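Using the UniProt record's numbering, read the sequence shown as starting at 1 and increasing by one per residue. Backbone N, C-alpha and C fix where the C-beta goes; we use that ideal spot for every residue, glycine too. These numbers come from a predicted model, not from an experiment.
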Amino acid sequence: MSLLRPLDPSFPIERQIAIEAGPVVLVNVVTLDKADEQTFLKIWQDDAAFMKRQPGFISTQLHRALGESPTYLNYAVWESTAHYRAAFGHPEFRAKLPTYPSSVVASPHLFQKVAVPNICVV
1 MSLLRPLDPS
11 FPIERQIAIE
21 AGPVVLVNVV
31 TLDKADEQTF
41 LKIWQDDAAF
51 MKRQPGFIST
61 QLHRALGESP
71 TYLNYAVWES
81 TAHYRAAFGH
91 PEFRAKLPTY
101 PSSVVASPHL
111 FQKVAVPNIC
121 VV
């Protein structure tokens, strides 16, 4: 992957994974050149299959932006930051990152559910 660009530059993913919390949702917005789309999808599929086998993984879903923009949003649910941290730092996963096309820019961020009275629950 050519570049990680934090959604919040003051609190990048490297700082987020140090916080003990759970469950957590990874939201990752990915932009890339249209010519690299099929390569991206194949590598992402392989990475998702790897993550699916990791302890603490709950689910994932990939979304594509409408229209011509090759922008993707992936979210993945993990039991805890500790589980995500272990998977994200796993040597097998880290070794695959350079295989992504150079046009790929990923913006990962971790979230937790928020309870809002009469709207949503934790």
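Beta-carbon proximity list for residue i, same chain, < 6 Å, skipping 5 on both sides
i: Ile-17; result: Thr-81 and Arg-85
i: Thr-39; result: Pro-101
i: Lys-34; result: Pro-70
i: Val-122; result: Lys-113 and Ala-115
i: Arg-5; result: Val-105 and Ser-107
Reference residue i; option with closest CA among the options
i: Pro-23; options: Pro-9, Asn-118, Ile-119 and Gln-112; result: Gln-112
i: Ile-19; options: Gln-45, His-83, Asn-28 and Leu-41; result: His-83
i: residue 172; options: Leu-73, Glu-92, Val-27 and Asn-28; result: Outside the shown range of the chain, which is 1 to 122, sits residue 172, and nothing can be said about it.
i: Phe-11; options: Pro-108, Ala-115, Val-114 and Ile-119; result: Pro-108
i: Ala-48; options: Leu-62, Leu-7 and Pro-117; result: Leu-62
i: Ser-59; options: Arg-15, Tyr-75 and Trp-44; result: Tyr-75
i: Trp-78; options: Val-25, Arg-15, Glu-37 and Leu-4; result: Val-25
i: Ser-30; options: Asp-8, Gly-89, Leu-3 and Asp-46; result: The amino acid at residue 30 is misidentified as Ser; the sequence shows Val. Nearest option by C-alpha distance: Leu-3.
i: Arg-94; options: Gly-56, Met-51, Ala-65 and Arg-64; result: Met-51
i: Tyr-57; options: Phe-88, Pro-9, Leu-7 and Lys-96; result: For the sequence presented, residue 57 should be read as Phe rather than Tyr. Looking at the Cα atoms, Phe-88 is the closest of the given residues.
i: Val-27; options: Ile-43, Cys-120, Tyr-72 and His-90; result: Tyr-72
i: Gln-45; options: Cys-120, Leu-110, Lys-96 and Ser-103; result: Lys-96
DSSP-derived helix/strand/coil call for residue i
i: Pro-98; result: helix
i: Pro-108; result: strand
i: Met-1; result: Because Met-1 carries a pLDDT of 48, less than 50, the predicted location of this residue cannot be relied on, and no value is offered for it.
i: Ala-76; result: strand
i: Gln-61; result: strand
i: Leu-41; result: helix
Exposed unless 16 or more other CB atoms sit within 10 angstroms - verdict on residue i
i: Gly-67; result: exposed
i: Gln-13; result: The displayed chain sequence assigns Ile, not Gln, to residue 13. By the 10 Å Cβ count, Ile-13 comes out buried.
i: Asn-118; result: exposed
Same chain only: Cβ atoms within 8 Å of residue i, ignoring 5 sequence neighbours per side
i: Glu-37; result: Pro-70
i: Arg-15; result: none
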